[in-house]
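As structure tokens, the structure follows; a few thoughts come after it.
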Ligand SMILES: *[C@@H]1O[C@H](CO)[C@@H](O)[C@H](O)[C@H]1NC(C)=O
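Numbering (my numbering), first residue to last: 3 to 574.
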């Protein structure tokens with residue numbers, strides 16, 4: 003019978019000894035009035051100090067900082083809360099921290115300035131908390147503000163804490179009826195080794211790429227320049243240096259370079275930090291769905307995955323480095339996708355496939371593009387692929403993640419259709435689910451994102467567990483956390499699927515689940531992995547305004563369910 007069970011296990015695809023996430027604790031963060039309200043967006047970005055076990059969380063919409071002690075990961079304690087003054091301080095966008103020998107332990111918070119046409123963005127450096135009685139104190143109380151660029155959405159310290167790199171996204175916007183597209187820039191802040199000395203700030207623009215000799219080769223390689231005229235006044239040119247939108251920063255292991263995703267532009271910039279110059283812009287490319295499967299419709303009666311003769315733009319969001327046994331620094335990108343509209347003007351770079359006029363040389367594809375259960379409902383670019391005949395439908399996002407060798411700057415691996423397939427297999431009730439209508443249940447919002455970017459992976463963290471490199475990929479909308487391991491046995495790092503986890507219940511509306519503290523990780527915006535002491539994975543989510551804390555384990559997975567049991571029983 004044992005042999006029979008083992009054979010059955012193999013037939014059922016049960017894997018033994020894989021890395022799984024275990025829910026250690028879950029904490030909702032209150033809003034400025036101390037109340038718990040669904041979708042208050044109290045949690046957006048986080049930073050974890052594994053020396054003192056403090057987690058710092060900022061919420062943009064609430065303009066708050068929360069400091070949480072994870073000394074006991076099973077029982078997180080909020081030790082400090084700060085409400086920023088939105089008029090005086092601005093709104094916090096990102097939080098990072100750094101501890102290294104010979105450097106003052108530092109917390110950094112970036113802020114969007116007041117909503118004026120100067121689009122001032124800044125950051126403030128604070129002392130790190132060393133105990134539960136500490137309060138938020140600037141490192142330089144007389145002149146705390148360091149001016150950077152417009153909308154400093156993300157930042158990273160070098161591992162020696164000598165530099166801080168800030169991506170200033172400079173998103174287009176309308177202020178009092180006038181359209182503005184601030185430049186996208188990168189600020190490199192270099193700290194002096196002399197205590198108390200003023201840091202040197204260099205803000206680098208992308209103007210050299212406005213030169214057609216630089217720009218045209220990039221566009222030929224697929225870099226997107228998706229807004230070229232003021233939508234309100236076609237005589238006004240928007241330069242590439244304005245259209246470029248630096249999103250998310252990764253620092254190379256040598257601390258010499260920053261790699262910054264330009265998500266909307268489907269590109270990545272490489273910045274030489276010593277010389278403060280952008281050395282290159284790399285195209286992120288697109289993928290074919292001809293030999294993969296995709297669910298592209300919310301009118302197809304649930305989960306219907308099929309191969310399609312379309313392509314999609316990778317458009318990565320978050321990006322992190324890891325080093326492999328070959329000592330080559332690799333990058334992981336979460337290929338989320340980013341269709342764009344600009345509030346206040348009639349511009350969008352996407353349309354439903356059925357609303358566009360196609361000139362494809364394939365009659366099956368042509369009818370699918372006009373059929374709602376097939377491709378008609380899919381949001382595709384109304385810009386890309388229309389300059390060629392026959393034209394090519396481009397959807398948004400790779401619906402997965404990629405590994406890049408940064409020496410050759412080539413994509414050496416990508417996850418194909420795995421994320422969608424594993425969620426179909428293990429969490430079909432929330433497959434490609436949304437979290438947008440809080441009076442609906444997660445199950446009612448199942449399949450709603452199939453027409454957009456499907457599983458929409460938007461966050462990633464890499465760490466070590468049990469001698470393995472482990473990466474956790476977050477599916478932004480439906481709260482799924484995919485665990486992959488990197489086994490040091492292959493030449494090129496090839497992530498190997500371990501498990502997928504979704505916290506929270508699905509049997510009630512989102513707002514009821516929120517009140518029950520059972521909403522899970524809804525609209526994940528950040529993941530942190532601490533490999534110090536007991537490895538922890540910390541998930542920050544906006545709609546649930548929550549922190550999900552996980553430990554890792556090597557276990558049989560999936561766990562035996564009643565169904566497996568009855569199947570086995572019936573075989574005995
Ligand atoms: C998509 O990739 C193909 C193959 O690399 C390339 O020929 C094509 O120009 C790309 N399309 C876009 C819109 O970048």
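Cβ atoms here follow ideal geometry from the backbone N, Cα and C, with glycine treated the same way. This structure is a prediction, so every number in the text was calculated from the model and none was measured.
Interface flag, residue 214 vs chain C, CB-CB below 8 Å: Annotation note: the requested chain C is absent from the structure, which comprises a single protein chain.
Residue 57 beta carbon less than 8 Å from that of residue 508: no
Closest residue to residue 139 among 408, 543 and 67 (Cα-Cα distance): 67
Start-to-end residues for the alpha helix (DSSP H) that takes in residue 221: 214-222
Any alpha helix (DSSP H) of 4 or more consecutive residues that is wholly inside the region 414-466: 420-428
Assigned secondary structure, residue 376 (DSSP; H/G/I helix, E/B strand, else coil): helix
Residue 152, DSSP secondary structure in three states: coil
Residues near ligand 1, criterion Cβ-heavy atom distance below 5 Å: 224, 288 and 386
Range covered by the alpha helix (DSSP H) that runs through residue 371: 365-371
Three or more C-beta pairs below 8 Å linking the region 387-406 and the region 331-340: yes
Reduced DSSP category for residue 232 - H, G, I as helix; E, B as strand; rest coil: strand
Buried or exposed by the 16-neighbour rule on C-beta atoms within 10 Å, applied to residue 8: Reliability of the predicted coordinates at residue 8 is poor, the pLDDT of 45 falling under 50, and no value is obtained from them.
Bridge partner(s) assigned by DSSP for residue 550: 28 and 541
Identity of the residues DSSP links to residue 406 by a beta bridge: 333 and 413
Under 8 Å between C-beta atoms of residue 544 and residue 28: no
Distance CB(residue 314)-CB(residue 250) smaller than 8 Å: no
Residue of 522, 109, 155 and 554 minimising C-alpha distance to residue 121: 155
Residue 189 and residue 202 closer than 8 Å at C-beta: no
According to DSSP, residues forming a beta bridge with residue 500: None; residue 500 has no bridge partner.
Length of the line joining the Cα atoms of residue 342 and residue 351: 6 Å
Collapsed DSSP secondary structure at residue 127 in the structure displayed: strand
DSSP state of residue 512 mapped onto helix, strand, coil: helix
Close Cβ partners of residue 157 (< 8 Å) along its chain, the five nearest in sequence each way excluded: 96, 98, 110, 112, 125, 166, 167, 168, 169 and 251
Residue closest to residue 246, alpha-carbon to alpha-carbon, out of 254, 225, 493 and 261: 225
Simplified DSSP assignment, three categories, for residue 114: strand
Distance between residue 468 and residue 289 (C-alpha atoms, nearest Å): 34 Å
Contact belief for residue 305 with residue 233 at Cβ below 8 Å, rounded distance in angstroms: Actually they are not in contact, since the Cβ atoms of residue 305 and residue 233 sit about 38 Å apart, beyond 8 Å.
Cβ-based neighbour list, residue 39, same chain, cut-off 7 Å, excluding 5 preceding and 5 following: 33
Own chain, CB closer than 8 Å to residue 450, minus 5 neighbours either side, in chain order: 300, 434, 435, 436 and 438
Nearest-angstrom beta carbon gap, residue 320 and residue 461 [assumed within contact, 8 Å]: 5 Å
Coarse secondary structure for residue 295, derived from DSSP in three states: coil
Cβ-based burial, residue 366 [other Cβ within 10 Å; buried from 16]: exposed
Host beta strand (DSSP E) of residue 282 (start-end): 279-285
Where residue 204 falls: helix, strand or coil (DSSP): strand
Contact check, residue 473 vs residue 502, beta carbons under 8 Å: no
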